[in-house]
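Residue numbers (the numbering used here), protein chains in the order written: chain A, 671 to 789; chain B, 5 to 421.
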């Protein structure tokens with residue numbers, strides 16, 4: 671089964687860019703990503719630039735409306751995702767618990783919808 | 005006994021085990037449940053006519069499995085339909101003795117697996133309670149709804165949402181591995197104790213006791229002790245529930261009014277329950293792995309051992325509450341500790357003082373009820389009167405409110421005389 675792990679963080683708690691803490695943080699993400707690849711469970715994943723770079727798009731009555739910022743103002747922002755292929759929810763949650771942001775942020779684990787192949 | 009009643013009893017006894025096995029074999033909660041329901045309907049039709057089968061459990065298992073096969077053949081929408089169908093057909097072709105040999109060691113495991121699934125932390129707490137009662141307790145949806153004081157429709161939706169999440173989110177049907185087992189087992193115990201408490205002290209509604217839930221929780225407790233042998237806290241929880249349940253009848257008088265512990269007729273305590281509870285506690289304590297359920301059970305045992313309220317070993321109870329507060333600090337435990345300290349001759353009001361200064365507890369009813377009680381014992385009628393007033397205001401249990409009003413009236417009478 672495939673699961674998406676949506677990674678949420680409070681950006682005000684993140685270490686300053688180019689600081690030794692940020693480098694150590696990056697190292698931790700690389701380590702766990704490598705671990706997922708070695709275990710053969712990683713389907714994909716990306717880190718995102720900050721929410722201040724986000725643009726939200728809506729089409730209303732034919733009009734395309736853009737607005738600055740993420741669609742919902744929350745303290746924790748979506749900062750990246752992984753897609754894993756694992757046997758069950760327990761395994762997906764065990765991977766989520768290993769992520770470097772688990773002690774400070776939150777990880778939402780969602781099953782990926784299976785679209786039946788056209789026959 | 006009428007045929008219909010015999011069928012109901014047999015199902016209550018056998019259905020959870022049959023359901024657990026069938027869920028493993030077909031891998032689908034709803035289909036298994038429907039098939040067991042079909043078997044029930046078949047029994048209602050045939051048992052009163054042909055007599056109760058010699059082994060009702062085996063009859064239900066075979067019938068439910070064949071109904072599941074029928075349903076699998078009809079319902080083409082189901083994922084993994086062919087694999088499930090093949091599995092069931094193979095089992096169905098076995099001779100009775102071969103089948104029994106195949107199932108016998110797995111039956112206990114199946115129920116344990118199902119219990120861990122129903123109590124999975126990815127499900128909402130109210131869903132865990134409802135699913136556990138439905139799947140492991142063998143209660144119908146209507147019975148679960150009645151016991152938990154919600155409408156049947158609400159319960160049906162709650163159960164189907166939970167089952168959908170189990171299937172869609174891939175909540176596994178298995179006993180957790182060694183690493184996760186202790187924590188997940190604690191979670192299962194918490195659900196069982198919640199079921200017990202839901203029955204023991206219904207906060208809302210007129211009936212103080214919904215005994216069916218207590219009995220169900222105790223059955224689950226016994227099952228867990230059997231399936232997870234050697235766990236001190238599992239035995240501790242069973243002991244705690246038995247020792248509390250022993251006093252259940254005595255908590256309500258013949259008019260349905262609440263009777264406080266110190267005023268209960270102790271001859272109405274259930275000696276069988278007390279003996280079983282003390283035995284479970286003894287086994288638990290021998291394992292030298294203390295925990296909060298064992299501590300609470302030890303407190304309950306001290307109450308049960310005392311011939312009357314005055315002869316209770318209050319210093320020991322106060323010390324046990326102190327240890328509980330250290331392991332699992334909470335206002336509930338502090339309030340109880342304050343009462344025990346006061347009954348042991350110490351300054352219980354001093355224990356309550358920090359709680360009374362905590363704004364977050366301003367509407368915590370048991371705190372004000374205990375405060376009133378300790379003020380009354382200390383002879384401070386004026387402040388006791390006010391504290392009873394506050395406790396009565398915050399109470400949503402009619403039986404308990406009546407008792408507080410009686411005590412407030414006593415205090416008021418003393419003050420005016």
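Beta carbons: idealized from backbone N, C-alpha and C, even for Gly.
Using 10 angstroms around the beta-carbon of residue 726 of chain A, count the other beta-carbons present and answer buried if the total reaches 16, otherwise exposed. Around the beta carbon of residue 726 of chain A, fewer than 16 other beta carbons sit within 10 angstroms, so the residue counts as exposed.
Sheet register partners of residue 777 of chain A (DSSP bridge):
Per DSSP, A:677.
### Query
Buried or exposed: where does residue 399 of chain B fall if 16 or more other Cβ atoms within 10 Å of its Cβ makes it buried?
Flag for residue 399 of chain B reads buried.
State yes or no: is the beta carbon of residue 172 of chain B nearer than 8 Å to at least one beta carbon in chain A? yes
*Along the chain, which unbroken stretches of the alpha helix (DSSP H) at least 4 residues long are found entirely within the region 129-205 of chain B?*
129-139, 145-151, 156-172 and 185-204
* How about residue 176 of chain B: is its C-beta nearer than 8 Å to some C-beta of chain A? -> yes
(message) Just verifying my parser: in three-state terms, what is the DSSP assignment at residue 297 of chain B?
(response) helix
Min CB distance residue 395 of chain B to chain A below 8 Å: no
### Query
How is the beta strand (DSSP E) around residue 755 of chain A delimited, first residue to last?
747-755
Worksheet entry | residue 50 of chain B: first and last residue of the uninterrupted beta strand (DSSP E) it sits in | Taken as a continuous stretch (DSSP letters only), residue 50 of chain B belongs to no beta strand (DSSP E), being part of the alpha helix (DSSP H) at 33-54.
* How many whole angstroms separate the CB atoms of residue 18 of chain B and residue 73 of chain B, which I take to be in contact at a CB cut-off of 8 Å? -> At roughly 19 Å, the Cβ-Cβ gap does not stay under 8 Å, so residue 18 of chain B and residue 73 of chain B are not in contact.
Subject >> Any chain A beta carbon closer than 8 Å to residue 126 of chain B >> reply: yes
* **Buried/exposed call for residue 167 of chain B, threshold 16 Cβ in 10 Å** => buried
CA-CA distance, residue 128 of chain B and residue 55 of chain B? Note on geometry: alpha-carbon atoms of residue 128 of chain B and residue 55 of chain B lie some 43 Å from one another.
Please list, in chain order, the residues of the region 686-719 of chain A that have any C-beta partner in chain B closer than 7 Å. none
Notebook entry, point to check: Terminal residues of the continuous alpha helix (DSSP H) containing residue 215 of chain B?
Noted result: 215-231
Cβ closer than 8 Å: which chain B residues qualify as neighbours of residue 758 of chain A? 174, 175 and 176
ask   = How about residue 378 of chain B and residue 387 of chain B: do their beta carbons lie closer than 8 Å?
value = The Cβ atoms of residue 378 of chain B and residue 387 of chain B lie no closer than 8 Å to each other.
Are the region 300-314 of chain B and the region 241-252 of chain B touching by the rule of at least three beta carbon pairs closer than 8 Å? yes
- request: Flag this pair as yes or no: are the beta carbons of residue 375 of chain B and residue 360 of chain B separated by less than 8 Å?
  value: Judged by their CB atoms, residue 375 of chain B and residue 360 of chain B are nearer to each other than the 8 Å cut-off.
- Just to confirm, are residue 775 of chain A and residue 679 of chain A a CB contact at a threshold of 8 Å? yes
| message | Within a Cβ cutoff of 7 Å, which residues of the same chain sit near residue 75 of chain B, ignoring the five residues on either side of it in sequence? | response | 35, 38 and 39
*asked:* When you compare the region 170-179 of chain B with the region 247-260 of chain B, are there three or more beta-carbon pairs, one atom per stretch, that lie closer than 8 Å?
replied: no
If I measure Cβ to Cβ from residue 352 of chain B and keep anything under 7 Å in the same chain, skipping five residues before and after, which residues do I get?
342, 343, 345, 346 and 378
Counting beta carbon pairs with one atom in the region 713-731 of chain A and one in the region 135-147 of chain B, are three or more of them shorter than 8 Å?
no
- Task: Check whether the Cβ atoms of residue 95 of chain B and residue 69 of chain B sit closer than 8 Å, and answer yes or no.
- Result: Yes, Cβ-Cβ distance for residue 95 of chain B and residue 69 of chain B is below 8 Å.
Would you check if the region 8-15 of chain B and the region 40-47 of chain B touch, i.e. whether three or more CB-CB distances between them fall below 8 Å? With a cut-off of 8 Å, the region 8-15 of chain B and the region 40-47 of chain B count as touching, because enough Cβ pairs lie within range.
Within the same chain, show all residues whose beta-carbon is closer than 7 Å to that of residue 718 of chain A, passing over the 5 residues directly before and after it, in chain order. 748, 749 and 750
Separation of residue 236 of chain B from residue 307 of chain B, as counted between CA atoms: 21 Å
Note to self: Quick check on residue 671 of chain A - is its C-beta less than 8 Å from some C-beta in chain B?
What the structure shows: yes
For residue 755 of chain A, which residues from the same chain have a beta carbon less than 6 Å from its beta carbon, with the 5 sequence-adjacent residues on both sides left out? 672, 711 and 713
### Message
Between residue 788 of chain A and chain B, is the shortest Cβ-Cβ distance under 8 Å, so that the two count as touching?
### Response
no
task = Verify the CB distance criterion: does residue 210 of chain B have a CB-CB separation below 8 Å to chain A?
result = No answer about residue 210 of chain B holds up, because its pLDDT of 43 lies below 50 and its placement is not dependable.
Check your understanding: Start and end of the alpha helix (DSSP H) containing residue 276 of chain B?
Key -> 275-290
| said: Counting only Cβ pairs nearer than 8 Å, list the residues of chain B close to residue 781 of chain A. | reply: 172, 173 and 174
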